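Please read the structure below before turning to the comments.
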Amino acid sequence: MENFLENFAEQLDETPMEQVTMDTNFKDIEEWSSMTALSIIAMVDEYYGKKLTGDEIRQAQTIRDLFEIVKNK
Amino acid sequence: MPGNIADNLNSELLGGSADSEKFIKNTGIRYRRFVDTDVCTSDLCEKAALKLLEDLKWDPSEIDVVIMVTQTPDFLTPNTAILMQDRLGIPKSAIAFDVPLGCSGYVYGLFTMASILAATKLKKGLLLVGDTLSRQASPKDKSAYPLFGDAATASAVEYTGIEADDFKFLLGSDGSGYQSIIVPGGGYREPITCESLSYDKIEEGIERNRTNTVMIGTDVFSFGISVIPAAVSEFYSRFALTNDKVDYAYFHQANKFMNEKIRKKIGLTEEQVPYSLYDYGNTSSATIPLTITYHFKGNNKAAQNKEILLCGFGVGLSWGICLLNTKDIFISDIIEY
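These protein sequence lines are chains E and X, in that order. Residue numbers are given in the numbering used here: position 35 of the first sequence equals residue 42, and the series is strictly consecutive. Residue numbers are given in the numbering used here: position 177 of the second sequence equals residue 208, and the series is strictly consecutive.
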C-alpha cells in the first residue's frame, strides 16, 4: 500500500501535488470528474491488484477513506 | 448501418468544443450512426441478411435456425426472430427465437447457434445481431447518448461436422451487477406509468426517464478491467493458448480508455486489436461483427485462416469469449440502410 497518495495525485492533470493530502475531500477537487474516478479505479488495479468499485468511490469522502477501503480488501 | 451520422465534435449535449474534444480523446468515439425514429433493428438486420444471403448464394429456404440477438426488439412479445422467419422467407420448420443480450450478445449468439447445429446436425443458421440504442438512451444524457451508435449485422453459420472447426467458448455471468447497465422501467418489476416518461435531472447534463438506458461508467469500468483479463487468462489456460497464438482479438467496443486498459493488461499488441469506435461508437451487440467487417473491409483473402478471439462483455453483467479460425470465412462489406 505504498505511495498511495502519490499514485492518487499522479492521476490529476491540473492539480499540484502539494494541494493534495490524505485528508483532502477528493470529490471537491476542481478537476474531479467521472474520468478521474476511472483513472483512480485503474490505478488501484494496476498498482495494488485490487478492485475499487464505483460504490466505494461514492461512499468515500477523503483520500484516506479510499486508502482504508483499498487496504482492507 | 443507418445513413444518419452524428459528430460528437459538434455535440451541444457535450457542451462546447473543449469538452467535446476531451470526450472524443477519452472515449475514442467521434462519429455515431443513428436511425430515423420509425426504423427498427429488425429493418437493418433484414437488409443485412438479404445482402449476405445473396453474396453467399444461400436461398432462405435452406436456413434451419434463425436467432436474433437484440435488446431493441420490434415488440416485447413476440420474438423478433420469428418475425424475421416470415419476412425473410425462411421455412416454417426453422427454429427461431431471440437472445435478448447486449454487449456479450454476439458471443452468446454464436454459442447458441453452434450448440444447436452441433446437437441437431442441422446445416445452416442465420444469426442476426444489432441494436438501435439511439432510440433507447436519453438524448439529454451526456453519460450515455454520445457513446452509442446504431448498427445491425447478419452472420451465416454452417455446420461442417469437423472437430477442428469447432468454436471454443468461455461464458460468464454476474447478476449482482444488474444495475450497472439497465433500463429500469417497462418490465414487470417497474411497470410503465405516466411518471415513467417524465425526465429526471440526475445532475447537470444528465436527464433521463425510466425507459432510458442507465449506464454507471465507474461500475462497468471496474468490472471490465478486473473480470475480463481474468476470463481471458482462464480461457487461454483451458485451451492451451497464449497471446501469440491469436492473430486478432475483437473486443466489445465500449470506450477506448477501458478497452486499452484491458488490452494492455492481457498483453495483446495494438496490431492484434482492431477498433471501430471512432467511426461507429458503441454499437451494443453488433460491435464485434461490425469491427471484424470494418477491419477487413471486404478483403476476404486477408481474412482467411486467422485465429480470432472474440470478447463481448457488459450488460447483465455478462461476458463471453470465443476463439475460431476464419478458414473459408466470407465477409461482406458494410452497407447503408
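Glycine residues also receive a C-beta, built at the ideal position from the N, C-alpha and C atoms. Predicted model only: the values in this text are computed from it and were never measured.
Just to confirm my understanding: we take residue i, look at its own chain, exclude 5 residues before and 5 after, and list those with CB closer than 6 Å. What are they?
i	result
Phe-142 (chain X)	Phe-200
Lys-78 (chain X)	Tyr-368
Can you tell me whether residue i is helix, strand or coil according to DSSP?
i	result
Met-32 (chain X)	coil
Ile-60 (chain X)	coil
Phe-239 (chain X)	Strictly speaking, residue 239 (chain X) in this sequence is Arg, with Phe absent from that position. Three-state result, Arg-239 (chain X): strand.
Asn-336 (chain X)	coil
Cys-76 (chain X)	helix
Asp-105 (chain X)	coil
Met-8 (chain E)	coil
Gly-347 (chain X)	coil
Tyr-234 (chain X)	A small fix is needed here, since residue 234 (chain X) is Glu in this sequence, not Tyr. The answer is strand: DSSP assigns Glu-234 (chain X) an E or B state.
Ser-229 (chain X)	coil
Asp-50 (chain X)	helix
Asn-286 (chain X)	coil
Ile-319 (chain X)	helix
Tyr-139 (chain X)	helix
Ile-213 (chain X)	strand
Ala-182 (chain X)	strand
Thr-324 (chain X)	helix
Phe-266 (chain X)	helix
Tyr-279 (chain X)	strand
Phe-200 (chain X)	strand
Lys-296 (chain X)	helix
Gly-208 (chain X)	helix
Ala-37 (chain X)	strand
Ala-112 (chain X)	helix
Which same chain residues end up closer than 8 Å to residue i when comparing Cβ atoms and leaving out the 5 residues on each side of it in sequence?
i	result
Tyr-62 (chain X)	Ile-36, Ala-37, Asp-38, Asn-39, Gly-180, Tyr-309, Asp-310, Tyr-311 and Gly-312
Ile-64 (chain E)	Ala-44, Ile-47, Ile-48 and Leu-73
Asp-67 (chain X)	Pro-33 and Asn-35
Val-77 (chain E)	Met-8, Phe-11, Val-51, Tyr-55, Lys-57 and Leu-59
Glu-13 (chain E)	Met-24
Asp-192 (chain X)	Strictly speaking, residue 192 (chain X) in this sequence is Gly, with Asp absent from that position. Within the same chain, Gly-192 (chain X) has close Cβ partners Lys-152.
Gly-329 (chain X)	Ile-362, Ser-363 and Asp-364
Lys-123 (chain X)	Gln-116
Ala-125 (chain X)	Ile-94, Asp-95, Val-96, Val-97 and Gln-116
Tyr-230 (chain X)	Ser-169, Lys-171, Glu-238, Arg-239 and Asn-240
Ile-113 (chain X)	Ala-127 and Phe-128
Tyr-139 (chain X)	Val-100, Val-130, Leu-132, Leu-202, Gly-343, Ser-349 and Gly-351
Identify, in the order they occur along the chain, each residue of the same chain with its Cβ nearer than 7 Å to the Cβ of residue i, setting aside the five sequence neighbours on each side.
i	result
Asp-30 (chain E)	Thr-69 and Arg-71
Glu-221 (chain X)	Pro-215 and Arg-241
Asp-20 (chain E)	Glu-38
Leu-321 (chain X)	Ala-182, Thr-184, Ser-307, Tyr-311 and Thr-314
Ala-334 (chain X)	Phe-327, Thr-357, Ile-360 and Ile-362
Ser-42 (chain X)	Ser-51 and Pro-177
Ala-317 (chain X)	Val-160, Gly-161, Asp-162, Ala-182, Ala-183 and Thr-184
Lys-276 (chain X)	Glu-338
Tyr-267 (chain X)	Thr-273
Have a look at residue i and residue j and give me their C-alpha separation to the nearest angstrom.
i	j	result
Asp-196 (chain X)	Gly-343 (chain X)	21 Å
Leu-84 (chain X)	Gln-66 (chain E)	53 Å
Val-263 (chain X)	Gly-248 (chain X)	22 Å
Glu-9 (chain E)	Val-251 (chain X)	27 Å
Tyr-54 (chain E)	Lys-296 (chain X)	12 Å
Leu-107 (chain X)	Leu-341 (chain X)	28 Å
Leu-30 (chain X)	Ser-315 (chain X)	No statement about residue 30 (chain X) is possible, as the shown extent of chain X runs from 32 to 368 and does not include it.
Ile-319 (chain X)	Ser-349 (chain X)	15 Å
Ser-363 (chain X)	Leu-157 (chain X)	14 Å
Thr-111 (chain X)	Cys-71 (chain X)	10 Å
Gly-136 (chain X)	Thr-28 (chain E)	44 Å
Gly-133 (chain X)	Arg-294 (chain X)	21 Å
Ala-145 (chain X)	Ile-223 (chain X)	37 Å
Phe-65 (chain X)	Glu-75 (chain E)	45 Å
Ile-55 (chain X)	Glu-194 (chain X)	44 Å
Gly-298 (chain X)	Asn-331 (chain X)	27 Å
Using a 10 Å radius around the Cβ and a threshold of 16 neighbouring Cβ atoms, would you call residue i buried or exposed?
i	result
Gln-26 (chain E)	exposed
Gln-102 (chain X)	buried
Gln-116 (chain X)	buried
Asn-336 (chain X)	exposed
Asp-162 (chain X)	buried
Met-246 (chain X)	buried
Met-24 (chain E)	exposed
Asp-62 (chain E)	exposed
Tyr-325 (chain X)	buried
Thr-58 (chain X)	buried
Gly-120 (chain X)	exposed
Lys-217 (chain X)	Here residue 217 (chain X) is Gly; the residue named in the question, Lys, does not match the sequence. Classification of Gly-217 (chain X): exposed, given that the 10 Å Cβ count is below 16.
Ile-366 (chain X)	exposed
Verify the contact flag: residue i, CB atom, against every heavy atom of the ligand SAH, threshold strictly below 7 Å.
i	result
Gly-216 (chain X)	Summarising the ligand content, the structure contains no ligands, and the ligand SAH is consequently not present.
What does residue i reach in chain B if we use C-beta pairs closer than 9 Å?
i	result
Met-50 (chain E)	Among the protein chains of the structure shown, namely E and X, there is no chain B.
Segment contact flag, the stretch 33–46 of chain X with the stretch 272–288 of chain X, C-beta cutoff 8 Å, min 3 pairs: no
Cβ contact check for the stretch 78–89 of chain X and the stretch 163–176 of chain X: 3 or more pairs under 8 Å: no
Is it a yes or a no for the stretch 33–44 of chain E touching the stretch 231–240 of chain X, going by three-plus beta-carbon pairs under 8 Å? no
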